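Visitor: Chains as they are written, first to last, in this note's numbering: chain A, 10 to 412; chain B, 17 to 645; chain C, 23 to 283. There's a structure below that I have some questions on.
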Amino acid sequence: MRRRHLLGAGLAIAVAGMAGSAMAQSEIKEIKIGEINSYSLLPAFTEPYRKGWQLAAEEINAAGGINGKKLVVISKDDGGKPADAQTAANELVSSENVAMLAGTFLSNIGLAVSDFANQKKVFFLAAEPLTDAITWSKGNRYTFRLRPSNYMQAAMLVEEAAKLPAKRWATIAPNYEYGQSAVAVFKKLMSEKRPDIQWVDEQWPPQGKIDAGPVVQAVAAANPEAILNVTFGADLVKLVREGNTRGLFKGRSVVSFLTGEPEYLDPLKDETPEGWIVTGYPWYDIKTPDHDKFLKAYQAKYKDYPRLGSIVGYQTIKAAAAILAKANSTDPEKLIAATEGLSMPSPFGEITFRKIDHQSTLGAYVGKTALKDGKGVMVNSVYRKGADYLPSDAEVEKLRPKD
Amino acid sequence: MAFYFVQFLTGLASAASLFLVASGLSIIFGVTRIVNFAHGAFYMLGAYVAFTLTERFSGALGFWGGIVVAALIVAIIGVLVEMVLLRRIYHAPELFQLLATFGLTLMVQDIVVMIWGPDDLLGRRAPGFKGAVDFFGQNIPSYDLFLIALSPIVLGILWLLFQRTRWGVLVRAATQDRDMVAALGVNQKWLFTSVFALGVFLAALGGALQIPRDAVHHALDLRIIVEVFVVVVIGGLGSIIGAFVAAVLVSELNAFGILIFPKISIILVFLVMAVVLIVRPWGLFGKPEAAARRTPGLTVTPWRPLTSGERLMSLGALVLAAMMPLFAGNYALTVGSEIAIFVIFAASLHFLMSVGGLASFGHAAYFGLGAYGVAFLAKAAGLPMIASLLLGPVLGLLGAAVFGFFAVQLSGVYFAMLTLAFAQIVWSIAFQWVEVTGGDNGILGVWPERWAASPANFYWLSLGITALVVTVLRVMVFSPFGFALRATRDSPLRSEAIGINGKRVQWTAFVISGTVAGIGGALFAYLKGSVFPDSVGISLSVDALVMVLLGGVETVSGAVIGAIVFKAANIWLVSQTDLSKLVLGGFIVLMVVAFPKGIVGTLETIRNRRRSAEAKKSALVTSRIEAAE
Amino acid sequence: MVPTLLSVEALSKSYGGVHAVRSVSFELRAGEILALIGPNGAGKSTCFDMLNGQNMPDSGRIHLLGEDTVGRKPRAIWRLGVGRTFQITATFPTMTVRENVQVALVSYGRQLFNLWGSTAAYARDEAGRLLDLVGMGAYAERPCGELAYGDLKRLELAIALANQPRLLLMDEPTAGMAPRERIDLMRLTASIAREQAIGVLFTEHDMDVVFEHADRILVLNRGSLIAEGSPEEVRGNPQVRAIYLGEGLVYDARHREGAGA
């Protein structure tokens, strides 16, 4: 967190300070990026993310900055509230004069900032939000997204799930837009590949408030052969515990969104269920030079292993720097032009920001969960390139409103 | 058949923790009349401390000992909180304690992350209760069976405690009639502290017992607190057996509700609470509250309209505020607009809460309805901005008319809880009816038209509407209707005896208040360019309460000052630090202790004291305070 | 012929088999001051609450100013022209003394849903007149919450007079007052009642007050009316004597009973 202004104690002074900083145009010696995320609401996911982008910023400046100018990231907390995220975005743009906005974790906050960016004509690089809407139905020319979307993750999982013999499927998903659209996309893609399967039960526990016992009982009563899980975080922990104790997962295949990410897998410790098909980030298994370099730098700096959030945070700022360097300007139109079709290296290999829908082709690892030394890991992981799991250009054209 | 039985047992197991926490809250409320918002925080602390202890000390003794010791440690923290904080504010206006405990809750959320780190923690399973018991092919976790057995045991112990000990008799007597116990010469301080300790112990025990089932994380408190409020209200405030029955009822509803309506489990309990409160306003096992002997926490200084000098000063402040675009940047102006909108919101709640004596815990419902009204009109119907701004609040009006009709049949905490239930129902609709409301992802692109788009113009628009709304509400306070409303608040008996139809007066006030909140919401939608279920959420309702209480619930202009101070502090802190909750919570707690009458209330007291140097403090007031001691 | 203001016929109410009020009948005329007395639990309050609309009789009829009022709400009965004071005063502590009366006048003038007017200006003089009438004119701008108890009782009387009532229902009007104040308040009430031909029905524990001011007295015991008549008649009634002596209370004008039981 950077506190760039010494504001006096009085609130009146604070307002004056906000006003004053607008006038104090930043010196041309540096380029500022405004970063927003839900640090106080979701520290488990945003702390590694912050470490990631801090590492990236350090590397960039150590290598001479952006075309000789120092990169400064000004970071704000949105407290998990879209309205507060917009206040922060406004402060960054109006007061701090940042060249672009970046970040966000939750889908609704990503959308809120994306809409703000569209209205105020500011470049926005969405880091983590998964919703398909941000690049498709509610996409706009000022917004780009780094992380593989809901659709892409679903498509990667469906590829594996369709190979399973199971015909009776049940779904468990948090009852809000993310859960609902994840289930909808998965069902659609799955039914296309496997018209023979049946959906026998669906459970919609409230996000963050799952009453796992009854949910597990109810799913078990429908006697599915396979289960799709979309819950994560504390809900996932409860679900796994109840499911293990009650034998829900015995003899059933489970396909699960995001569960292979260390953020979600590590808390399960020795209770990690084995054999789930998941998307995730097996940092311990990735043996590419790009990733090695990142891993070494990260571990050297933080004495900790990276989570997926670290990758996203790292790559967000790396991408931002690449964009700014190529555009050699902070004009939003030039930034957009520079980003469309821009390719760059990442710890997962080269990625490209597509011109057609502003989605990056960053992919994800798909593998199976397993237990190793009392900890949950992903095994047999394969990197799936994002580019291979997006619909055809014609379909995307239809999904996205014309700019 | 076996399945339904097992589902029933699962519901019972979920009821156990709910019951422990709810009974604690109920006992505390019964004796001290404090709505302890921090109860969820104590529950969470119980889980965290138990996690640490059970990780540290192995074996069965380590585990079970750790659970109990954790609850004891947290109970000691509770005692400290009671002695250091709550004791100072028992005489503050009703609900002020709610504000203090809310501040505590905010602080605890940040503190646990600082101590235990941000990750979700997975506690150990209970030794001896790791497996499941086979029941006709269905598995029942043995820990569930343990919990099922535990809650009747706790209920029994509490029953014995209250029926068979002198302390218990005192607590029951205090629950029924606080003044009487004071008159009997019982040491109230000690009674309150011990009751608070017991309540916190139960909450912490409930949290500690969850670690074999749940992950320990920093959002546990909010997850449980609302549900616990619901349980306590359904069961009847102050009733332990009521808490037990309601906990079972809520858990079973959940267990079976998901079989039939998997998607509405989220609002089922609120629907049930609303129905219970409408049919049986004091809960299943509660007793109708005896009419208060004295109106709690009302100042003796009567309200008066502004003097001409004060009017001039207000006008000057308004002119000064209107000049802000001349020197302030875009960000400051947008913040200014947001503060202005929250002044409207706070003023609308103030009208209901301070003038009408009806503290709504769900006022965001009408704010949010106004915002969604604008979003529907502007996006779906394509109406121009002026028309949307005018018609959007109508949705708030309609919501207030329907919900208010039922809500004003109740009073006090029950009114608060029914409004909370209604707000949760509205929130759930906004959250889940994705086709219409966009669900969690909201409705985007509700931006102001060109003439109002610049931050300065929008600021002037917001400021103008705010000034208008605040003036109109103020005129209403001193209008015959305002007096009728205050009369109904001060003495329902007397107002009925002079021909005032109190319910109708209150209903009218509710509709006015809801409409004004809707106006705030309508502007908010244009300010943010979007609407999300957040603007109907509990935290926004709590913000409104905080703003009114902070300014001074017994004053006419407290809401305006409270909103400005709170919102400005909030925005500034969120921008400056990740520990905004800790700082804001600490700020609220400090304010509560330093200025128990709120900012404006304290200023007025100082001024009055200065005015009457001879200190003609009435014998009545002094005796009241003494009686309360 | 002085008109009948209130006529009660065979009024009954029981709670769970216990007869609180058993077939009570009486009449009250304009300008008459009628006391309702009886030992604790005799049914005075139940009777009063039924007249006032706070309680629903099981059977019987109540005619107030020619209208059947059984089942009407207190506020509807007030609209008929009935003023009311309470055993424990009920006023509006956050308002000034004058405002307390003004609210009642606002209600009387049917301005309750007037959102825009100024209450301060509404019927200011009329409020002042009523306060002067009860001797509270000097306290008009004082906060009601600061008043001494005796003054609150006077204020209540002023509020009760705001709708130009034909009948005053006063429940223990002098309870909790010093003896001197009791006499003053009842003298005041009686003089207003006589002047404006208002009927007064009151319950009272203080027998001095009762025998000095009541024109007629009704004696209730265990829910039944056991005696009715002028103070002299009632004083001489052996049944009444038995009840009160049985309770250990002596009601002789020369003795003073303590504060209401």
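Just so you know, even glycine gets a beta-carbon here, dropped at the ideal spot from N, CA and C. These numbers were taken from a predicted model, which means no experiment stands behind them.
1. DSSP beta-bridge partners for A:A9?
2. Just mark B:L208 as buried or exposed, buried being the case when its beta carbon has 16 or more other beta carbons within 10 Å.
3. Are any of the Cβ atoms in chain B nearer than 8 Å to that of A:N184?
4. Taking only three categories from DSSP, how would you classify B:V266?
5. Give the DSSP-derived three-state secondary structure of A:G119 in the structure shown.
6. To the nearest angstrom, how far is it from the Cα of B:K303 to the Cα of B:S427?
7. Excluding the 5 residues flanking B:P612 on each side, which residues of the same chain have their C-beta closer than 6 Å to its C-beta?
8. What residue from A:A309, A:S355 and A:K172 has the CA that sits closest to A:A330's CA?
9. Output the distance between the C-alpha atoms of B:G82 and B:L34, rounded to the nearest integer angstrom.
10. Quick one: what's got a C-beta closer than 7 Å to A:E36's C-beta in the same chain, skipping five residues either side?
11. Do B:G389 and B:V410 count as a contact pair if the criterion is CB distance below 8 Å?
12. Which parts of the stretch 43-131 of chain A are runs of the alpha helix (DSSP H), unbroken and 4 residues or longer, counting only runs that do not cross its ends?
13. Is the shortest distance between the beta-carbon of B:S573 and the beta-carbons of chain C less than 8 Å?
14. Name the chain F residues whose beta carbon is nearer than 8 Å to that of B:L509?
15. Report yes if the C-beta distance between B:A87 and B:L69 is below 8 Å; otherwise report no.
16. With a cut-off of 8 Å, does the C-beta of B:V524 fall near any C-beta of chain C?
17. Keeping to the same chain, check which residues put their C-beta closer than 6 Å to that of B:K583; ignore five residues upstream and five downstream.
18. Measure the C-alpha to C-alpha separation of B:I50 and A:D279 and round it to an integer number of angstroms.
19. At a CB distance below 9 Å, what residues from the stretch 223-257 of chain C approach chain B? Give them in sequence order.
20. Could you spell out the range, first to last residue, of the beta strand (DSSP E) harbouring C:F48?
21. Should C:P165 be flagged as near chain B, meaning a C-beta pair shorter than 8 Å?
22. Name the chain B residues that come within less than 9 Å of C:L137, Cβ to Cβ?
23. Have a look at B:L28 and B:D456 and give me their C-alpha separation to the nearest angstrom.
24. State the start and end residues of the unbroken alpha helix (DSSP H) segment that holds C:M117.
25. Identify whether B:W463 lies in helix, strand or coil by the three-state DSSP scheme.
26. Is the beta carbon of B:E646 sitting closer than 8 Å to the one on B:T571?
27. Can you give, in chain order, each stretch of the alpha helix (DSSP H) that sits fully within the stretch 57-117 of chain C and has at least 4 residues?
28. Quick one: what does DSSP say B:T311 is sitting in, helix, strand or coil?
29. Would you kindly check if the distance between the Cβ of A:Y374 and the Cβ of A:Y398 is under 8 Å?
30. I want to verify the contact list: residues of chain A whose CB lies under 8 Å from the CB of B:V576, in sequence order.
31. Hey, is the stretch 424-438 of chain B in contact with the stretch 527-546 of chain B, meaning 3+ C-beta pairs nearer than 8 Å?
32. Between B:W443 and chain A, is the shortest Cβ-Cβ distance under 8 Å, so that the two count as touching?
33. For C:V231, which of C:L210, C:G93, C:E250 and C:L127 has the nearest alpha-carbon?
34. Between C:K35, C:E49, C:Y37 and C:G38, which lies nearest to C:L27 when the distance is taken from Cα to Cα?
35. On a CA-only basis, which of B:V558, B:V562 and B:V616 is nearest B:G574? Give me that one, please.
36. Between the alpha carbons of A:R177 and B:H234, how many angstroms are there, rounded?
Guide: For this structure:
1. Here chain A has residues from 10 to 412 only, and residue 9 of chain A is not among them.
2. The question names Leu, yet the displayed sequence has Phe at residue 208 of chain B. Burial call: buried.
3. yes
4. helix
5. A:G119 falls in the helix class under three-state DSSP.
6. 14 Å
7. I105 and A108
8. A:S355
9. 20 Å
10. The pLDDT assigned to A:E36 is 47, lower than 50, so where the model puts this residue is not dependable; a value taken from the coordinates is nonetheless given after this. Correct list: empty, nothing qualifies.
11. Taking 8 Å as the Cβ cut-off, B:V410 and B:G389 qualify as a contacting pair.
12. 52-71, 91-99 and 116-129
13. No, because no Cβ of chain C sits closer than 8 Å to the Cβ of B:S573.
14. In the structure shown, chain F does not exist; the protein chains are A, B and C.
15. no
16. Note that residue 524 of chain B is Thr in the sequence shown here, rather than Val. It does: the Cβ of B:T524 has a partner Cβ on chain C nearer than 8 Å.
17. Answer for B:K583: I355 and F358, listed in chain order.
18. 43 Å
19. none
20. V40 to R51
21. yes
22. Residues of chain B whose Cβ lies closer than 9 Å to the Cβ of C:L137 are, in chain order, V488, V491, M492, S495, P496, F497, G498, T524 and I528.
23. 31 Å
24. That residue, C:M117, is in no alpha helix (DSSP H); it is neither H nor E in DSSP.
25. Taken through DSSP and simplified to helix, strand or coil, B:W463 comes out as coil.
26. Look at the range of chain B in this structure, 17 to 645, and you will see that residue 646 of chain B is not part of it.
27. Listed in chain order, they are 66-74 and 96-101.
28. Low per-residue confidence applies at B:T311: pLDDT is 43, beneath 50, and the placement is therefore not dependable, though the value from the model is reported in the following sentence. Three-state DSSP puts B:T311 in coil, outside helix and strand.
29. no
30. Neighbours of B:V576 on chain A: none; closest Cβ ~15 Å, over 8 Å.
31. no
32. no
33. C:L210
34. C:E49
35. The residue among B:V558, B:V562 and B:V616 with its C-alpha nearest the C-alpha of B:G574 is B:V616.
36. 37 Å
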